[in-house]
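Below is one structure, written out as structure tokens; the observations come after it.
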Amino acid sequence: LVVGYEEGTVALWDARDLENDEEEEEIASNVSTEPLWRERVHGDAVTSVAADATRGGFVSAAADGGVLRFAIRPVATHDDDLSGSKTDSNIRVELLQSHGGRNNEDAFAPATAKRGVACVAVRDDGKVFA
Numbered sequence: 701l702v703v704g705y706e707e708g709t710v711a712l713w714d715a716r717d718l719e720n721d722e723e724e725e726e727i728a729s730n731v732s733t734e735p736l737w738r739e740r741v742h743g744d745a746v747t748s749v750a751a752d753a754t755r756g757g758f759v760s761a762a763a764d765g766g767v768l769r770f771a772i773r774p775v776a777t778h779d780d781d782l783s784g785s786k787t788d789s790n791i792r793v794e795l796l797q798s799h800g801g802r803n804n805e806d807a808f809a810p811a812t813a814k815r816g817v818a819c820v821a822v823r824d825d826g827k828v829f830a
């Protein structure tokens, strides 16, 4: 489960336990209270997130005009992630592509002139996003 927040943070939660047809109490006891990954990646509110059907990555968009594409990679150990991503699980989230956002001059224009990205989507095979 990918979630975007108003301050520009994106978080990745493991919702696999919610897919089972178990009793609600048992599901609640299995669900982690901490995300697998969480990082402030946008300079303004996240307006949209979309995960690919293969569970190999996701895309986020924000009011700062940024569109970011991430890959979810498995790791063998719980060592610190050298890329700077905050993880305490067996995954690493890696930024693959970015467009606009903090490095875009338009992102620092007056608020009335800002143009954000309202929606993102990922094709089922994960190869194309818009």
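Numbered per my numbering, the sequence shown spans residues 701 to 830. All C-beta atoms in this analysis are idealised placements derived from N, C-alpha and C, irrespective of residue type, glycine included. As the structure is a computational prediction, the values presented were derived from the model and not from experiment.
Can you list, in chain order, the residues of its chain whose CB lies under 6 Å from that of VAL822, leaving out five sequence neighbours each side? ALA750, ASP752, VAL759 and PHE829
Run through the DSSP bridge pairs and tell me what HIS799 is partnered with. VAL767
Can you tell me the Cα-Cα spacing of THR754 and PHE770, whole angstroms? 13 Å
Rounding to the nearest angstrom, what Cα-Cα distance links ARG773 and GLN797 in this structure? 15 Å
Would you mind sorting THR747 into buried or exposed? The rule is 16 or more other CB atoms within 10 Å of its CB. buried
Short Cβ contact (8 Å threshold) for ALA711 with HIS742: no
Expressed to the nearest angstrom, what Euclidean distance is found between the alpha-carbon atoms of VAL793 and GLY756? 10 Å
Does any heavy atom of the ligand ZN sit closer than 7 Å to the C-beta of ILE791? In terms of ligand content, the structure shown is empty, and the ligand ZN therefore cannot be addressed.
Alpha carbon of LEU795 to alpha carbon of VAL817, nearest angstrom: 18 Å
Report the residue from VAL775, PRO735 and GLY766 whose alpha carbon sits nearest the alpha carbon of ARG815. GLY766
Could you check if VAL702 is buried or exposed, using at least 16 other CB atoms within 10 Å of its CB as the buried criterion? buried
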